Amino acid sequence: QVKQNGRHGCLLYQPQYQHQQVSALEMETAIRQGLQQDQFELYYQPQVDPVAQRVVGLEALIRWNHPQQGLLNPSLFIPVAEQSSLICELGQWAVDRACRDARLLEERSLTGLKIAVNVSIQQFERPSFAKNVLESVSLHGLESNHLEIEITESNIMKNMDRGANLLTSLAEHGIGVAIDDFGTGYSSLSYLQTLPVSKVKIDRSFICNLSGEKNGLPIVIAVLNLAAALNIHCVAEGVENEQQKQILQDAGCRLIQGFYYSSPLSFAQLIPYLKQSKNGRLIHQEQMR
Ligand code: C2E
Ligand code: MG
Ligand code: MG
Ligand code: MG
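Here's what the structure looks like:
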């Protein structure tokens with residue numbers, strides 16, 4: 452049984468209350484072992500231009516192929532990894548794997564896609580972060596403008612000075628910077644002007660209020676206008692149905708991510724999805740349900 456528990460993170464086995472700390476430690480050991488034994492995998496969720504009906508980007512989302520528990524979502528192990536330097540190892544593994552997979556896609560003529568990788572604060576605060584990212588990019592022979600780093604708005608706010616230096620050095624190398632969960636960080640907007648942000652991702656919480664009694668549309672329109680004025684791309688996250696997609700498309704949103712088009716796909720599932728999209732036959736997962 453999987454259980455979430457606050458500060459000590461997530462435990463795979465429902466423990467006795469007094470054993471919680473031990474279990475977090477056990478899990479760190481298991482994660483470390485999982486890294487050595489290649490148990491982690493990246494899934495990719497398409498970002499779609501709804502007008503052109505084309506996939507233009509992918510977000511890499513980590514999964515753990517646990518030998519006993521099966522495929523685990525990040526909420527079950529990222530919080531534990533974030534309590535130690537393990538998150539940096541896991542995060543760097545993800546950057547490297549994403550670069551490798553991006554290169555594999557290019558070799559299959561599935562070109563022109565931007566691949567986004569999520570990065571935790573500890574990882575991006577490390578002095579070696581930018582260097583490690585650039586090394587992965589060049590190791591796999593990827594063009595750096597095909598890689599994008601996603602950082603949550605609240606994490607950027609925690610260390611603005613570091614954020615500014617780091618993002619500038621990434622941007623100078625052509626690596627995109629996307630602000631994840633945009634609109635949930637209770638932050639001022641001025642950083643959008645001072646930092647080299649290339650994309651904002653409107654948080655799912657705004658998207659699920661688009662239809663229904665809470666009318667979320669004015670906020671979404673405001674964000675789209677803001678992004679356009681600042682020449683920043685804008686993705687709507689967590690788009691689950693045709694109605695939400697249509698509202699966003701009508702409001703001028705040119706990038707849609709969510710279950711409506713596709714849930715995150717394994718690399719093997721991704722290839723046929725991208726091939727069909729390239730041939731102008733985009734599948735809508737919602738229509739298959
Ligand atoms: P995120 O970056 O905000 O990713 C979006 C999450 O929303 C993903 O959950 C995705 O599967 C889910 N999602 C996508 N479309 C929909 C939709 O239409 N409806 C709903 N309800 N959900 C949708 P996932 O894959 O479980 O990832 C959760 C979080 O874990 C991510 O949030 C990200 O913060 C973190 N994460 C994932 N991979 C990595 C990684 O490699 N490194 C780090 N540091 N964090 C990661
Ligand atoms: Mg993300
Ligand atoms: Mg997000
Ligand atoms: Mg999120």
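No gaps in the numbering here: position 161 of the sequence shown is 612 in UniProt numbering, and each next residue is one more. Ideal placement from N, C-alpha and C gives every residue a C-beta, glycine not left out. In this text the structure is predicted, and so the values were computed from the model without any measurement.
Residue i and residue j closer than 9 Å at C-beta
i	j	result
Leu522	Gln496	no
Leu507	Gln520	The residue you asked about is not Leu; residue 507 is Val in the sequence shown. No; because the gap between Cβ atoms is not below 9 Å, this pair is not in contact.
Ala475	Val531	yes
Ala629	Lys652	yes
residue 753	Lys650	Beyond the ends of the chain as shown, which are 452 and 740, falls residue 753; an answer cannot be given.
Ile626	Val588	yes
Phe657	Val671	yes
Leu621	Ala581	yes
Pro715	Arg514	yes
Gly614	Cys659	no
Ser638	Ile607	yes
Thr619	Leu640	no
Glu557	Phe718	no
Ser535	Glu477	no
Proximal residues to residue i (C-beta, below 7 Å), its chain only, five neighbours per side dropped
i	result
Ser571	Glu533, Ile538, Gly542
Proximal residues to residue i (C-beta, below 8 Å), its chain only, five neighbours per side dropped
i	result
Gln720	none
Lys726	Leu561
Phe633	Glu604, Val651, Lys652, Ile653, Asp654, Val674
Arg559	Ile722
Ala679	Cys685, Gly703
Integer-rounded CB distance, given that residue j should sit under 8 Å from residue i
i	j	result
Glu540	Ala567	With 8 Å as the limit, Glu540 and Ala567 do not qualify as a contact, their Cβ atoms being about 20 Å apart.
Leu733	Gln488	With 8 Å as the limit, Leu733 and Gln488 do not qualify as a contact, their Cβ atoms being about 36 Å apart.
Leu661	Ile698	5 Å
Tyr712	Asn692	Tyr712 to Asn692, Cβ: 11 Å. No contact.
His591	Cys550	4 Å
Leu527	Phe575	Rounded, the Cβ-Cβ distance is 22 Å, inconsistent with contact.
Ala553	Leu598	7 Å
Asp631	Asn583	Asp631 to Asn583, Cβ: 20 Å. No contact.
Val502	Gln700	7 Å
Same chain only: Cβ atoms within 6 Å of residue i, ignoring 5 sequence neighbours per side
i	result
Glu510	Gln496, Ala567
Gly731	none
Ser595	Val588, His624, Gly625, Ile626
Gly667	Phe657, Asn660, Leu661
Gln694	Ser662
Asn682	none
CB contact below 9 Å: residue i versus chain B
i	result
Ser717	You won't find chain B in this structure, because it holds only one protein chain.
What are the complete beta strand (DSSP E) segments, minimum 3 residues, inside the segment 610 to 685? 627 to 633, 650 to 653
Please specify which runs of the beta strand (DSSP E), each continuous and at least 3 residues long, are wholly inside the segment 469 to 528, giving them in chain order. 491 to 500, 505 to 517, 521 to 523
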